[in-house]
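Numbering (the numbering used here), first residue to last: 51 to 415.
Virtual Cβ for every residue (Gly too), placed ideally from N, Cα, C.
Below, the structure is given as C-alpha cells:
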C-alpha cells in the first residue's frame, strides 16, 4: 500500500455460544453468547484503480481484484463471500443516501485460526462485522452499534439466511449477551422492498440483544478439538431432516428456551451454581438431539472435554454446532488446581486449551 494514504482500521472479537445453539436459528428464540479476545482486523484504504475493490487476506496467497457491475462485485471466485457481501451492503446504503462508493483496498488479518485451521470462534461473523464497520467508517457513515449489526446481518443473510446472527451480535456488542434472532427472510424482504436505509430503522420482529454480567465466581475455559467443523453444513443438515416440525423438535426448542431463560436469570442474579445447572442441562439437550437425529454434534474429543470439567464439579458443553471446533467449560475460579487438572485431561484427550478470555468490548465505533 502507498504510504500516506488515509486508512481506517477496525477489529472485531470472536465469539462462543454459551447456550441456545440450534434453537436460536428460529426467530425469537434466545441464546447466550460471549465475545472473546481473539480478533479479526479489517484495514481499508483507497484502491488505485477507479471502480475497483481489492481484497487481501492473511489466508490468501495473493490479493483479489473485483469490479462493480450493476451494484454487485464481479470477477469473484467465491473465496471471500462475507467480505464481498459486507462491502455490497454498505455500498447499497451509500447509494441510497446519494453518496459515492470509492475504490477500496481492504486487508484482512485474523487471530481466529491456527495456520489456516479455524478455531470455530466465529470468523465469518467477525469478518462481516469488521468489514461493515471499516468500510462504513472509511466512507464517512456514522452508524450506531444497532445499525452496524443490522448491516452485518443483511450481509450475512444474503449468503445464508439460516444463520442466526448471534456471532454478529457478540462481535458488535462484546461481553456476555442475551440474543434473539429476527426472521432473516423477512429482514431480506424489508431491504428489497424498502431499501437498506429504511430497513435499518424498521421494526425487526423477534430481534433483541442485551448485555449480561459475567458469571459470578466462575472461570471460562475453552478447549479446541483441533478438528474444524462447518456450522452451516450442520444447521443445513438439521433443516433438511424430518425431525424439523416434529414433536421432538418442538420439545427441544421449548426445553432449550427454558434453560436459556434460567441461565440468563442466574447470570443476572450472580448465581454461579444455578448457571452451572443450566449449562449441564444444555449439554444434555444437545446430546439428546444428537441421539435422535445423528448429526454428530458430540465427537469423542468434545465428550472428553465435558467429562473432564464435570469431574471437578464444573459444567461443560460443545460451543456452537459441535462436530468439532471448540467446547467451553465453566469452572470454580477459586480452584486453580481443578482448572489445571481439567486442562491436563483435555491435553491427554487431544484437546488444546486455548488462552482466550471474554472480550468486554465489541467492534470499535
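Judged by pairs of C-beta atoms under 8 Å, the stretch 57-71 touches the stretch 83-91, as three or more such pairs exist. With distances taken between CA atoms, residue 70 lies nearest to 330 out of 160, 330 and 239. One alpha carbon belongs to residue 241, the other to residue 219, and they sit about 19 Å apart. Cβ neighbours of residue 342 within its own chain (closer than 7 Å, five residues either side excluded): 293 and 298.
If the five residues before and after residue 320 are omitted, its C-beta is found closer than 6 Å to the C-beta atoms of 266, all from its own chain and listed in chain order. Annotation for residue 214: 74, 75, 81, 229 and 231 place their beta carbon closer than 8 Å to its own, counting only its chain and skipping 5 residues before and after. The stretch 245-256 and the stretch 140-154 touch, with no fewer than 3 CB-CB distances between them shorter than 8 Å. Bounds of the alpha helix (DSSP H) holding residue 392 are 386-398. In this chain, the alpha helix (DSSP H) harbouring residue 319 covers 297-319.
Annotation for residue 65: the continuous beta strand (DSSP E) segment containing it runs 58-69. Taking the CA atoms as reference points, residue 296 sits about 35 Å from residue 263. Remark: C-beta atoms of residue 313 and residue 325 approach each other more closely than 7 Å. Among the bridge pairs identified by DSSP, residue 151 is matched with none. Taking a C-beta distance under 7 Å as the contact criterion, residue 216 and residue 409 do not qualify as a contact pair. DSSP places residue 242 in the helix class (H, G or I) of the three-state scheme.
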